[in-house]
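Since the structure comes first, as structure tokens, the remarks are kept for the end.
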Amino acid sequence: MPTTPPNSPPLRHETTAGNYFVANYPPFAFWKPEFVPQFEAALAANNVSAAPSFGQYVHIPFCRKRCHFCYFKVYTDKDSSEIRGYLDALLKELTVYANQPAVRGRKPKFVYFGGGTPSYLSPDQLRFLTDGMKRLLPWDEVEEVTFEAEPGTLTDHKLQAIRDLGVTRLSLGIEHFDDHILEINGRAHRSREIQRAYAFAREIGFPQINIDLIAGMVEETDEKWREAVAKAVALQPDSVTIYQMEVPYNTGIYQEMKATGKLVAPVADWETKRAWVDYAYREFEKVGYTVTSGTTVVRDPAKVKFIYRQGLFTGADILSIGVASFGHLNGVHYQNHHEFQPYVDAVNSGKLPVYRAYAPPADERYIREFILQLKLGSVSAEKFKAKFGTDPRDQFAQPLARLKEWGFLTNGGDRIGVTRDGLLQIDRLLHEFFKPEHNTGRYA
Ligand code: SF4
621 MPTTPPNSPP
631 LRHETTAGNY
641 FVANYPPFAF
651 WKPEFVPQFE
661 AALAANNVSA
671 APSFGQYVHI
681 PFCRKRCHFC
691 YFKVYTDKDS
701 SEIRGYLDAL
711 LKELTVYANQ
721 PAVRGRKPKF
731 VYFGGGTPSY
741 LSPDQLRFLT
751 DGMKRLLPWD
761 EVEEVTFEAE
771 PGTLTDHKLQ
781 AIRDLGVTRL
791 SLGIEHFDDH
801 ILEINGRAHR
811 SREIQRAYAF
821 AREIGFPQIN
831 IDLIAGMVEE
841 TDEKWREAVA
851 KAVALQPDSV
861 TIYQMEVPYN
871 TGIYQEMKAT
881 GKLVAPVADW
891 ETKRAWVDYA
901 YREFEKVGYT
911 VTSGTTVVRD
921 PAKVKFIYRQ
931 GLFTGADILS
941 IGVASFGHLN
951 GVHYQNHHEF
961 QPYVDAVNSG
971 KLPVYRAYAP
981 PADERYIREF
991 ILQLKLGSVS
1001 AEKFKAKFGT
1011 DPRDQFAQPL
1021 ARLKEWGFLT
1031 NGGDRIGVTR
1041 DGLLQIDRLL
1051 HEFFKPEHNT
1061 GRYA
């Protein structure tokens, strides 16, 4: 059972409202509309980007219904002409990028379709979108295409179409196997659809199938979690991503809390959620899986890669398109308009739909890569020194000493490694490495 060492940063035992997980650095609140000209200048620059690789992210913001824990920008009411208008907008946006000096002639190494629910689109819509994308930035050097799918949207016909587009990594948003838990948390699919979709996907032969689970959905119990883990193990997926339930302010769960004056979310406390993930990790390890981050286990790490995450964590240029999507090009972070119509209108008027941006100085790029890689459980100090010229053991001597004192670091020379207990709560520990002015949103 994971523990909280004395003197470690305070963590509310209950799950209260707010973002817990660290997805980027500096936090999005520091990205501003007034920095967009810096992004435009970076795009217009003729210098070759120093990024180690180049990939694309495409946001598909449509879902069958909104899950109560969802904090993404999703729409459940768009008809086929609005969807077609959105796909047109995506391709127009990509056309503008493809003509910019910082992008022109570059070929993606990875492509990621996220959402929302990319599998909400029909095979024809998907072909229209991906044919257009390939014409603008050819996929002949692509090594990985990830596609997020909701089991209830998949038929064998659609899965075959998805595979035929070139998808190599299918990521199934299963979240849980219990029908009551799926229903009460607002999921659109049920367990029967999971089994059917998974069997089709295996039959078709996707090179990699990932399944997502969430520990701590509303009405989760020890017994139901153990059953869910057993079912996940039985599927033998190539990788499993397990999230601990967080309750950001823009979720249905928080709206309900606000309406009823509750401060604590109706989900398990953080210790319980960590224990559930720990239990899942141990069950997967029993059958040969390897824990590869605070949220993932992998069946065969020598074969199963996640090139998109590798790129995201090591400073790759990621050309992101779509409403609310965020990316990074030629040294500048950027994020698109949050709302559907302003996004579509901006693109249709020939403009980039970028709402805010941020050009991190060198020290913040250093922090960003270090903390994101620490989420994988281990960072090579020498590799970092070779890339940035400074040894993280010197740069972060104080926060590393604190983590060590709290018992979250392993000893290991070049390897700055995190213990299992540390890995299960890594996101709150990452704030130790933030610049003080960026620590405003700490969940504690
Ligand atoms: S399927 Fe995913 S993106 Fe869609 S509403 Fe549910 S959590 Fe949000």
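The sequence shown begins at 621 in our numbering and counts up by one.
In this text, a Cβ means the ideal position worked out from N, Cα and C, and glycines have one as well.
Should H688 go down as buried or exposed, given a rule of 16 or more other Cβ atoms within 10 Å for buried?
The residue in question, H688, is buried, as its Cβ has 16 or more Cβ neighbours within 10 Å.
Assigned secondary structure, V642 (DSSP; H/G/I helix, E/B strand, else coil):
coil
Helix, strand or coil for A966? Go by DSSP, reduced to three states.
helix
Beta-carbon gap between V787 and V762 smaller than 7 Å
no
Output the distance between the C-alpha atoms of V619 and R807, rounded to the nearest integer angstrom.
This structure does not reach residue 619, given that the chain is present from 621 up to 1064, and the question cannot be answered.
6 Å Cβ shell around K778 - same chain, five flanking residues per side excluded
P743
When you compare the CB of R1013 with every CB in chain C, is at least one pair closer than 7 Å?
As a matter of chain content, chain C is missing from the structure shown, which is built from one protein chain.
Where are the alpha helix (DSSP H) runs, 4 residues long or more, that stay fully inside the segment 933-992, in chain order?
960-968
So, under 8 Å CB-CB, F748 and L707 are touching, yes? Tell me the CB distance rounded to an integer number of Å.
Contact between F748 and L707 holds: their C-beta atoms lie close to 6 Å from each other, under 8 Å.
Between the segment 810-817 and the segment 903-915, can you find at least three pairs of beta-carbon atoms closer than 8 Å?
no
Taking 8 Å as the threshold, find out whether the segment 688-699 comes into contact with the segment 715-732 through three or more Cβ pairs.
Cβ pair count under 8 Å is below three, so no.
Buried or exposed for P758, going by 16 or more other Cβ atoms inside 10 Å?
exposed
Exposed unless 16 or more other CB atoms sit within 10 angstroms - verdict on G881:
exposed
The alpha helix (DSSP H) with A875 in it runs from where to where?
Reading the sequence as shown, one finds Gln at residue 875 and not Ala. Per DSSP, the unbroken alpha helix (DSSP H) holding Q875 starts and ends at 872-879.
Could you name each continuous beta strand (DSSP E) segment of 3 residues or more that falls completely within the segment 784-864, going from the start of the chain to the end?
789-795, 828-835, 859-864
For ligand 1, is there a heavy atom less than 6 Å away from the beta-carbon of T871?
no
In chain order, what residues have a CB nearer than 6 Å to some heavy atom of ligand 1?
By the rule of a C-beta closer than 6 Å to any heavy atom of ligand 1, the residues picked out are C683, R686, C687, C690, F692, V694, G735, G736, T737, E770, G793.
Once the 5 residues before and after E634 are set aside, which same chain residues still bring their CB inside 6 Å of it?
V884, D889
Return the CA-CA distance between L1065 and E891, expressed in angstroms with no decimal places.
Because residue 1065 is not part of the residues shown, which for the chain are 621 to 1064, the question remains open.
Determine which residues share a DSSP beta bridge with Y695 and list them.
Paired residues: F682.
In this structure, does DSSP put Y677 in helix, strand or coil?
strand
Return helix, strand or coil for V918, following the three-state DSSP convention.
strand
Based on Cα-Cα distance, which residue from L663, R684, L741, P771 lies nearest to A718?
When each option's Cα is compared against that of A718, the closest is L663.
Within 10 angstroms of the Cβ of V943, are there 16 or more other Cβ atoms? Answer buried if so, exposed if not.
buried
Going by other Cβ atoms of all chains shown within 10 Å of its Cβ, with 16 needed for buried, is N870 buried or exposed?
exposed
With 16 other Cβ atoms within 10 Å as the buried cut-off, status of K995:
It counts as buried.
CB of S945 within 7 Å of CB of Y691, strictly:
Taking C-beta atoms as the reference points, S945 and Y691 fail to come closer than 7 Å.
Taking contact to mean 3 or more Cβ pairs, one atom from each stretch, closer than 8 Å, check whether the segment 1052-1061 and the segment 913-930 are in contact.
no
Just how far apart, CA to CA, sit Q780 and L792?
Their backbone Cα atoms lie some 15 Å apart in a straight line.
Thinking V974 and N956 are a contact (beta carbons under 8 Å), I'd like their distance in whole angstroms, please.
6 Å
To the nearest whole angstrom, what separates the beta carbons of L1049 and G1042, a pair I think is in contact under 8 Å?
6 Å
Compute the beta-carbon to beta-carbon distance between I824 and R783, rounded to the nearest angstrom, for a pair I have assumed lies under 8 Å.
5 Å
Tell me the residue span of the beta strand (DSSP E) that contains G735.
730-735
Report, in whole angstroms, the separation of the C-beta atoms of P857 and I831, which I expect to be a contact under 8 Å.
5 Å
Would you identify the three-state DSSP class for F926, choosing helix, strand or coil?
coil
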